[in-house]
Each structure stands twice: as structure tokens, then as C-alpha cells.
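Written below as C-alpha cells is the structure these notes are about.
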Ligand SMILES: Cc1cc2nc3c(=O)[nH]c(=O)nc-3n(C[C@H](O)[C@H](O)[C@H](O)COP(=O)(O)O)c2cc1C
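Protein chains in written order, with our numbering: chain A, 50 to 242; chain B, 52 to 212.
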């Protein structure tokens with residue numbers, strides 16, 4: 050598989066099978082992913098991994114415990130919440146990714162960019178090993194209560210949860226707009242007043 | 052080849068040779084890079100390219116390079132979407148940098164002060180509901196491949212819940 054094929058062929062996976070995922074593999078791929086980013090040594094970030102049935106269930110609880118009182122939760126019957134939790138806890142692994150924030154917007158942007166880039170490397174490295182992922186940023190997770198449970202500090206931000214596991218079937222990719230359609234050549238200062 | 056074994060000359064810094072960058076190559080790599088994950092398939096990016104004569108205006112703002120790719124992103128009013136879009140654009144840039152590296156093309160990703168300056172942005176045709184995510188300086192590296200040893204990587208913090 051060429052690099053271009055890997056990049057084009059990677060799919061977001063939303064349905065995983067029950068083949069266990071080795072925690073060591075996840076940690077190793079994250080390390081490799083960082084190694085493929087030029088100044089990764091400057092990136093401030095950390096991961097929390099839930100890969101055991103017990104920890105996955107706990108993560109699902111953290112996520113849902115604030116639902117009951119929330120705007121979203123009011124419309125969700127208890128049965129549905131339980132079903133959701135079970136589905137969540139059945140996924141073989143969840144990587145919670147947290148990035149540091151800097152003293153100003155530029156510094157924060159740089160760090161966030163580094164972390165996101167490393168996560169793309171991670172997704173590609175996973176794909177190469179038949180490990181599928183979903184980078185999840187659903188509003189449900191973006192709650193203070195959830196952040197508190199995860200121990201996200203003042204100088205940190207939540208990047209997302211990467212759900213992962215092996216899969217039976219990958220969905221078909223949805224095509225992208227050709228770069229030519231999103232491309233302009235800067236005409237130079239002559240064109241400016 | 053696998054990405055796992057990819058030991059590219061992943062430099063994020065260094066100087067470029069005078070060799071010009073074929074536009075066709077940049078477009079080809081971008082057409083692979085746009086397969087980045089992006090929430091809601093919003094494809095929140097577009098590109099402004101400058102090389103040769105047209106890059107003059109960038110000379111005070113960026114380091115010298117044969118070509119520049121200004122990566123512009125849509126700026127949603129919803130802050131969550133804005134973060135997701137920024138993340139997606141980063142995935143795209145990372146794809147591009149890996150692909151470029153494979154073709155021996157060097158990329159320096161920059162996020163200098165001026166990209167936050169509305170006036171400067173507008174001069175390049177960036178619209179009001181847009182921002183610049185980064186400027187990629189592109190060229191062929193000057194000198195020996197592997198000349199810059201990669202620094203010792205810190206251990207990724209990986210805690211168990
Ligand atoms: C930063 C980021 C956040 C995302 N958040 C979600 C999400 O919350 N829910 C979801 O279903 N997909 C999410 N995705 C995945 C996209 O929906 C997916 O990339 C897109 O549909 C294209 O599919 P592909 O990844 O298979 O090419 C996210 C992707 C990125 C990069």
C-alpha cells in the first residue's frame with residue numbers, strides 16, 4: 050500500500066468487532082505517530098486510555114451522568130441511555146486526548162495543531178494494522194462535568210475521544226472536492242491598490 | 052513500504068535550494084491530502100498558492116522559499132465546529148507533509164503572527180468568515196538528506212483510566 054493509497058483508503062469506523070486490542074499496540078502507535086511529526090518534542094498533550102471492560106463502562110458513566118439534567122438528556126429516556134452506555138462500553142478501546150493551552154492564541158493554536166497532526170498519523174498507522182477509529186467530538190462529551198471527571202485542568206483542552214477497534218467491513222469513502230476547485234494562485238501585489 | 056517503517060527525512064526546518072517547485076506536484080499531493088477526516092464532510096479548507104514572481108508580498112512575512120501554500124479555513128460561528136474544522140485542516144496538512152516528504156519535497160509549517168492580522172489576511176484575498184490556519188513554505192531541501200538528526204522523542208503520556 051502506498052502512502053497515497055493509505056491516506057485515501059483510511060475510513061472512519063463506527064462499528065467495531067469484539068477482537069481485543071492490545072493496549073501496548075495503542076501506546077506504541079501513539080509513540081510512532083508522534084515520531085512522524087517534526088517538532089513533536091514540543092507538543093504538550095496527554096492521553097487517557099480506557100481499554101478494559103471496567104474502564105470503558107466507567108468512561109461511559111462519566112459521559113452520561115450529566116445527561117439527565119441536561120438539555121439533551123431531557124429527551125432521552127433512561128432505556129436509551131442504558132443502551133447507549135452499553136454500546137459505548139462494548140467498543141474495544143477509547144483514547145481520550147487532551148492538549149495543553151498556551152499563554153496566547155498563537156501558542157495554543159500551534160500546540161493544538163501539533164496534537165491534531167499526531168492524531169492523523171495515529172489514525173493512519175492504525176489503519177495500516179486494520180485498526181479502525183472514530184475521532185469523536187460529539188457535543189455530549191463537551192461538558193464541564195465530563196472534563197472534571199477526566200481531570201482536565203485549567204491550562205488544558207479536550208481534543209476528542211478516539212474510539213478504536215478492529216472492524217469487519219469498512220464503509221465506502223465519500224468523495225472529496227478536487228483541490229483544483231479550492232485553489233487560487235495569488236496574483237501578486239500588482240493586483241492590490 | 053508502510054508508514055510504520057517510514058523513516059523519512061522529516062525536517063520541519065532547514066533551508067531550501069533554489070530549485071522551483073512544480074505546481075502540478077503540489078496539486079497532486081493536495082488531491083491525496085484532501086482525504087483527511089473532517090466532521091460532517093465540511094471540507095473547511097481552501098488554498099492560496101504563491102510562487103515565483105507572485106510571492107513578493109510574502110517576503111517580509113515569511114522566510115524565503117520557492118513556494119508558499121496559504122491554507123485558508125472557513126470560520127464557523129459555532130466554536131465547537133471551529134475547533135473541529137481546525138483539527139481537520141491539521142489532518143490535511145499532516146497528510147500533505149507526509150506525502151511531500153516521500154517525494155523529497157520539504158515543507159515548513161508556519162503560523163506566524165501576521166496570519167492573525169485581518170488586514171494582512173485580506174491583502175491575500177482571505178474573506179471575512181475565513182482565517183489562515185497556517186502557511187506552508189515549500190521547496191527542495193538544501194544539502195544532505197538526514198543532515199539534521201532528529202531529537203530524542205519524549206515519551207507520549209499514556210495513562211489508564
Ligand atoms: C476533528 C474531527 C472530529 C470528528 N468528530 C466526529 C463526530 O463527533 N462524530 C462522527 O460521527 N464523526 C466525526 N468525525 C469523523 C468524520 O465524520 C469523518 O472524517 C468524515 O465523515 C469523513 O469520513 P472518513 O473519515 O471515512 O473519510 C470527526 C473527524 C474529525 C477530524
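Heads up, the beta-carbon is just placed ideally off N, CA and C, and yes, glycines get one too.
Every value quoted in this text rests on a predicted model; they were computed, and no experiment measured them.
- With three or more CB-CB distances shorter than 8 Å, the stretch 137 to 144 of chain B counts as touching the stretch 177 to 192 of chain B.
- Assigned with DSSP and collapsed to three states, residue 136(B) falls in helix.
- Using a CB distance cut-off of 7 Å, residue 231(A) counts as an interface residue toward chain B.
- Contact with chain A is absent for residue 130(B), since none of that chain's Cβ atoms lies less than 7 Å from the residue's Cβ.
- For the set 90(B), 55(B), 70(B), the Cα lying nearest the Cα of residue 193(B) is the one of 70(B).
- Apart from the 5 residues on each side of it in sequence, residue 206(A) sits with its Cβ closer than 6 Å to the Cβ of 148, 150 in its chain, given in chain order.
- If only complete runs of 4 or more residues are kept, the stretch 55 to 93 of chain A shows the alpha helix (DSSP H) at 72 to 84, in order along the chain.
- Interface annotation, residue 235(A): in contact with chain B, CB-CB separation under 7 Å.
- Going by C-alpha positions, residue 207(B) is about 43 Å away from residue 236(A).
- Closer than 6 Å to some heavy atom of ligand 1: that does not describe the Cβ of residue 82(B).
- Shown here, residue 127(A) sits in a helix according to DSSP, grouped into three states.
- Non-local C-beta neighbours of residue 145(A) in its own chain, meaning closer than 7 Å and more than five positions away in sequence, comprise 96, 97, 199, 210, ordered along the chain.
- Comparing alpha-carbon positions, the option among 219(A), 131(A), 185(A), 103(A) lying closest to residue 176(A) turns out to be 219(A).
- Under the three-state reduction of DSSP output, residue 175(B) falls in the coil class, being neither helix nor strand.
- By the Cβ rule, the stretch 165 to 182 of chain A counts as touching the stretch 72 to 88 of chain A, because three or more pairs are nearer than 8 Å.
- For the options 174(B), 84(B), 77(B), 180(B), the alpha carbon positioned closest to that of residue 166(A) is the one of 84(B).
- Look at residue 89(B): its beta carbon is less than 6 Å from one of the heavy atoms in ligand 1.
- For residue 226(A), a Cβ of chain B is located within less than 7 Å of the residue's own Cβ.
- Counting only runs that start and end inside the stretch 131 to 166 of chain A, the beta strand (DSSP E) elements of at least 3 residues fall at 142 to 149.
- The three-state reading of DSSP puts residue 83(B) in helix, counting H, G and I together.
- Contact between the stretch 85 to 104 of chain B and the stretch 156 to 169 of chain B is absent, with fewer than three C-beta pairs closer than 8 Å.
- Looking at the backbone, the Cα of residue 87(B) and that of residue 62(B) are separated by about 22 Å.
- Just measuring C-alpha positions, the residue of 68(B), 126(B), 131(B) sitting nearest residue 189(B) is 68(B).
- Within the DSSP secondary-structure output, residue 161(B) pairs in a beta bridge with 186(B).
- When 9 Å is used as the limit between beta carbons, residue 71(B) is near no residue of chain A, the shortest such separation being about 14 Å.
- Within the chosen limit of 6 Å, ligand 1 reaches the beta carbon of residue 139(B) through at least one heavy atom.
- If you look at residue 194(A), you'll find it in the alpha helix (DSSP H) that goes 193 to 199.
- Here residue 158(A) is buried. Its C-beta has 16 or more other C-beta atoms within 10 Å.
- Here residue 235(A) carries a coil assignment [DSSP, helix/strand/coil].
- Taking 7 Å as the cut-off, the Cβ atoms of residue 100(A) and residue 142(A) count as close.
- Relative to ligand 1, residue 129(B) has its C-beta separated by 6 Å or more from all heavy atoms.
- Excluding sequence positions up to five before and after residue 64(B), its CB lies within less than 7 Å of the CB of 159, all in the same chain and listed in chain order.
- Leaving aside the five residues that flank residue 177(B) on each side, the residues in its chain whose CB is nearer than 7 Å to its CB run, in chain order, 123, 183.
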